[in-house]
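Counting in the working numbering, the final residue of the sequence shown is number 506, and the numbers go up one at a time with none missing. Worksheet: the structure to be examined is printed underneath.
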Amino acid sequence: MPTDSKIGNTIIDYLLKEESVIYEDKMNTWLDESIENKTKLNEFKTIWRTVDTLCISKQFNVEEGWIKVNQSIFNQVVIMGVRKDVVFSIAAMTAILLIILGFLFLSNPSVKLNNRIELATSYGNQTESVLPDGTKVYLNSGSNLSYHYNDKDKIREVEFNGEAFFEVAKNEKPFVIETNGGMKIEVLGTKFNLMAYCDDENIITALIEGKVEISNQDGQKVHVLPGQIVEFEKETENMKMIPGNANLSSAWREHKIYLDNSSLAAITKILERMYDVQIYFNPPEIGEQIHYTGVLQEETIIDVLNALKELSDICFKQKGKEIIIMSN
Numbered sequence: 179m180p181t182d183s184k185i186g187n188t189i190i191d192y193l194l195k196e197e198s199v200i201y202e203d204k205m206n207t208w209l210d211e212s213i214e215n216k217t218k219l220n221e222f223k224t225i226w227r228t229v230d231t232l233c234i235s236k237q238f239n240v241e242e243g244w245i246k247v248n249q250s251i252f253n254q255v256v257i258m259g260v261r262k263d264v265v266f267s268i269a270a271m272t273a274i275l276l277i278i279l280g281f282l283f284l285s286n287p288s289v290k291l292n293n294r295i296e297l298a299t300s301y302g303n304q305t306e307s308v309l310p311d312g313t314k315v316y317l318n319s320g321s322n323l324s325y326h327y328n329d330k331d332k333i334r335e336v337e338f339n340g341e342a343f344f345e346v347a348k349n350e351k352p353f354v355i356e357t358n359g360g361m362k363i364e365v366l367g368t369k370f371n372l373m374a375y376c377d378d379e380n381i382i383t384a385l386i387e388g389k390v391e392i393s394n395q396d397g398q399k400v401h402v403l404p405g406q407i408v409e410f411e412k413e414t415e416n417m418k419m420i421p422g423n424a425n426l427s428s429a430w431r432e433h434k435i436y437l438d439n440s441s442l443a444a445i446t447k448i449l450e451r452m453y454d455v456q457i458y459f460n461p462p463e464i465g466e467q468i469h470y471t472g473v474l475q476e477e478t479i480i481d482v483l484n485a486l487k488e489l490s491d492i493c494f495k496q497k498g499k500e501i502i503i504m505s506n
């Protein structure tokens, strides 16, 4: 029976020379100890075959790689490994897998690593993650983020769509976010909320702590101070300060919606993302005619709609994920 300190090497030998009876006998001894060991070996085989595929193709598609390896171990820790001259990334492996990939890396230490990771949330969900540089990211519903350390330019690069609250770890390497509307944010260490959904006309940045620099594709820049909110208009790429309480911008983290003469249409767009529903108006014009001021914090979409119903002359019907709001 292999000891814990040797089993990593035994698995490496087995995977490198899988047809050998000697290595197969050693593995069978270990596999007979528990069902858990058999499950682990199957996972390692899947990963190993994926690595072979990468070596042959000399390219790596992140999305396909996650599916091939194991969707359930996504978003925990990034481990880099190298075989020959191929660079690839795999998330959340066990300690034994670290030994395997570490062995491969040490056999070819001259290869550069690519530490890109992907984060995403579906509508109706929120998540909290920590990036490799220590930055904390709280993703709101329907958001996705791609993180990469650019070794050539010495910057931390992020491609982003959706809404998130960033607590950027202080670092001499700039933290640069690019959004779908052509807006770029550069920081070193700060806290801010960013709302940049593809289907919104504007991008809203609310700074809580530190400093950020916002720029457009023409090179125009705006320096933002704590408490300030900047609106970026996608169509014109104009940037301007707007009134508001920056500290309330991330109220979604507590499942709160702060309303300041907000239209019913604007509120329902938030509700669609928060509760993963589709909301329609009958007649269509009531979405812009009705406005609200206050705070919404309810458990379900029905609770929210009942609260809005108490404040205005509306009613609603629900069928599955579809909701129709009507005027009385």
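Note that CB positions come from ideal geometry on N, CA and C, so glycine has one too. Quantities reported herein were computed from a predicted structural model and do not represent experimental measurements.
Using the Cβ count rule (16 or more neighbours within 10 Å means buried), how would you classify residue i?
i      : result
Glu306 : exposed
Gly472 : exposed
Met373 : buried
Ile350 : Looking at the sequence provided, one finds Glu at residue 350 rather than Ile. Counting Cβ neighbours within 10 Å, Glu350 comes out exposed, since fewer than 16 surround it.
Met417 : buried
Asn394 : buried
Suppose the cutoff is 6 Å on Cβ atoms and the five residues either side in sequence are ignored; what does the same chain contact list for residue i look like?
i      : result
Met452 : Ser319
Asn215 : Trp208, Leu209
Thr313 : Val346, Ala347
Ile363 : Ile355, Val390, Ile392
Leu442 : Gly465, Ile468
Leu486 : none
Thr446 : Ile457
Ile503 : Phe459, Ile492, Phe494
Arg334 : Asp311, Tyr327, Lys351, Phe353
Spatial neighbours of residue i within its chain, please: C-beta separation below 8 Å, excluding the five flanking residues on both sides.
i      : result
Ile501 : Val455, Gln456, Ile457, Tyr458, Ile479, Leu483, Phe494, Lys495
Asn422 : Inspection of the sequence shows that residue 422 is occupied by Gly rather than by Asn. Around Gly422: Ala384, Ile407, Asp438.
Ile381 : Thr357, Gly359, Met361, Leu372, Met373, Ala374, Glu409, Phe410, Lys412
Ser490 : Leu442, Ile468, Tyr470
Could you check what DSSP says for residue i in three-state terms: helix, strand or coil?
i      : result
Tyr325 : strand
Glu341 : strand
Glu432 : helix
Glu495 : The sequence given here has Lys at residue 495, not Glu. In the structure shown, Lys495 sits in a strand (DSSP, three-state: E or B).
Val390 : strand
Asn416 : coil
Asn253 : Model confidence at Asn253 stands at a pLDDT of 38, short of 50, so the residue's coordinates are unreliable; what they give is reported in the following sentence. Coil, per DSSP.
Thr141 : Missing from the structure shown is residue 141; the chain here goes from 179 to 506 and no further.
Leu426 : helix
Ala273 : Per-residue confidence for Ala273 stands at a pLDDT of 44, beneath the threshold of 50, marking its modelled position as unreliable; the derived number appears in the next sentence. Ala273: helix per DSSP, three-state reduction.
Val315 : strand
Lys362 : strand
Which residues in the same chain as residue i place their Cβ atom closer than 7 Å to its Cβ, once the five residues preceding and following it in sequence are excluded?
i      : result
Leu343 : First, the amino acid is wrong: residue 343 is Phe here, not Leu. Excluding sequence neighbours, Phe343 sits near Tyr316, Asn371, Ser428, Arg431.
Thr376 : Note on identity: in this sequence residue 376 is Cys, with Thr being the wrong assignment. Correct list, in chain order: Asn339, Asn358.
Worksheet item: Is there contact between the stretch 323–331 and the stretch 368–377, where contact requires at least three CB pairs shorter than 8 Å?
Response: Between the stretch 323–331 and the stretch 368–377 there are fewer than three inter-stretch CB-CB distances shorter than 8 Å, so the stretches are not counted as touching.
Item to complete: Inspect the CB distances between the stretch 295–306 and the stretch 447–467 and report whether three or more fall short of 8 Å.
Response: Contact between the stretch 295–306 and the stretch 447–467 is present, because at least three Cβ pairs lie under 8 Å.
Worksheet item: What are the uninterrupted segments assigned as alpha helix (DSSP H) that are 4 or more residues long and contained completely in the stretch 439–466, given in chain order?
Response: List check, alpha helix (DSSP H) in window: 442–453.
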